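Each remark here refers to the structure printed beneath this line.
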Amino acid sequence: NRIMAEDPKILKELGDKYQISKERVRQIQQRIIENLTEWSKEQISNFEEEYM
1311 NRIMAEDPKI
1321 LKELGDKYQI
1331 SKERVRQIQQ
1341 RIIENLTEWS
1351 KEQISNFEEE
1361 YM
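Reading the sequence shown from the start, the letters are residues 1311 to 1362 in my numbering.
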């Protein structure tokens, strides 16, 4: 995980490693963050419905 790693990689390093542009790395990262945010909101909502 680039964001939570002890030694976070820069976008260009990841792009070079996977042979994609740093912009594509940024797009993928943003999509993952959006998906995790949506998932966590659903999980919190489900938790409140079941246990509160």
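We put the beta carbon where it would ideally sit given N, CA and C, even for glycine. Nothing here was measured: the structure is a model prediction, and the numbers come from that model.
With a CB to CB cut of under 7 Å and the five nearest residues on each side skipped, what residues in its chain are close to residue i?
i: L1321; result: K1332, V1335, R1336
Where does residue i fall in DSSP's three states?
i: I1342; result: helix
i: I1354; result: helix
In terms of residues, what are the limits of the alpha helix (DSSP H) holding residue i?
i: K1322; result: 1321–1328
Skipping 5 residues on each side, what residues in its chain have a beta carbon closer than 6 Å to that of residue i?
i: I1338; result: none
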